[in-house]
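Q:
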Amino acid sequence: MSGDPFQLLETCLSSDRPRLRKRLRGLRQRPAVLADLPEALRQDLEASVAARAGRVAALPRPEFPPELPVNQRRDEIAQAIRDHQVVIVCGETGSGKTTQLPKICLDLGRGASGLIGHTQPRRLAARATASRIAQELHGELGQAVGYKIRFTDRLSPASYVKLMTDGILLAETQGDPLLAAYDTLILDEAHERSLNIDFLLGYLRKLL
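According to the working numbering, the stretch in the sequence shown is residues 4 to 211, in order.
#1: Can you look up Y150 in the DSSP assignment and give me helix, strand or coil?
#2: Who pairs with K165 in a beta bridge, going by DSSP?
#3: Give me the DSSP bridge partner(s) of Y185.
#4: Just checking my contact of R157 with R126 at CB under 8 Å: how many whole Å lie between their CB atoms?
#5: Any contact of the segment 97 to 110 with the segment 63 to 83, i.e. 3+ C-beta pairs under 8 Å?
#6: Tell me the DSSP bridge mates of L144?
#7: What three-state label does DSSP hand T102 in the structure shown?
#8: Relative to the alpha-carbon of I171, which residue among P124, T14 and P63 has its alpha-carbon at the smallest distance?
#9: For G142, which residues in the same chain have their Cβ closer than 8 Å to its Cβ, ignoring the five residues on either side in sequence?
#10: Can you tell me whether T122 is buried or exposed, with buried defined as 16 or more other CB within 10 angstroms of its CB?
#11: What did DSSP end up calling D156 once you bin it into helix, strand or coil?
#12: How long is the line joining the alpha carbons of E42 and E49, rounded to whole angstroms?
#13: What residues in its chain sit with their C-beta under 8 Å from that of G120, if we drop five residues either side in the sequence?
#14: Between the alpha carbons of L211 and Y150, how many angstroms are there, rounded?
#15: Which residue comes first and which comes last in the alpha helix (DSSP H) that contains T132?
#16: Start and end of the alpha helix (DSSP H) containing P65?
#17: Starting from the C-beta of G114, find all residues in its chain whose C-beta is less than 6 Å away, skip the five residues before and the five after it, and write them out in chain order.
#18: For a test of the three-state rule: what should DSSP assign to L211, helix, strand or coil?
#19: Compute the Euclidean distance between the alpha carbons of R178 and R28, then round it to the nearest angstrom.
#20: Here's the rule: buried if 16 or more other CB atoms are within 10 angstroms of the residue's CB, otherwise exposed. What is R85?
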């Protein structure tokens, strides 16, 4: 592995990037190549790159039921996600947005650098959605797809999609102000305009 260490940050796990970037910036001289780094920092950088590469290799390969309306526009939605930091998807109830959007993100390679975070206003919806997506990916709940709600955390190091209530994500901003654990966020039912959703929208706007 070689190259500019700062450029290699983009191939690290997103959760490691703020810490590694801070350590790189703290060096007296800007390193030109990986070999210029102190041994401990080089090993940490290489370990993060390797961990992300492992997640890329193990990414689930989703299937898309053609009968769902959202999948009939899948290519357009995927292109919008590639091209823009923020995408608003509107559709009728039952069109498949909730279960298919995380799978579209997986198909784009999202979830490898960090989790695909997917919020729901209610705990029951978060748990049920996680179960459904896990089933569609032919996996067990808590593996590639898991959820976190109050008093319950069913996630593993192998998870790519994390369902949660919007309150959980809002609380996580205290310990992870950059939300670096995630490479993609889906705020479902944003039109409900609850206090939590409004706070999250404002917070994310500042991050972007």
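We treat Cβ as the ideally placed atom computed from N, Cα and C, and that holds for glycine.
A: Well, looking at it:
#1: strand
#2: G120 and G149
#3: L118
#4: Their Cβ separation, rounded to whole angstroms, is 12 Å, which puts R157 and R126 out of contact at 8 Å.
#5: yes
#6: V148
#7: helix
#8: P124
#9: P63 and V148
#10: buried
#11: strand
#12: 10 Å
#13: K165, M167, L172, L182, A184, Y185, T187, L188 and I189
#14: 25 Å
#15: R126 to E139
#16: No alpha helix (DSSP H) holds P65; DSSP gives it neither H nor E.
#17: Y163
#18: coil
#19: Note that residue 178 is Gly in the sequence shown here, rather than Arg. G178 and R28: Cα-Cα distance of roughly 22 Å.
#20: exposed
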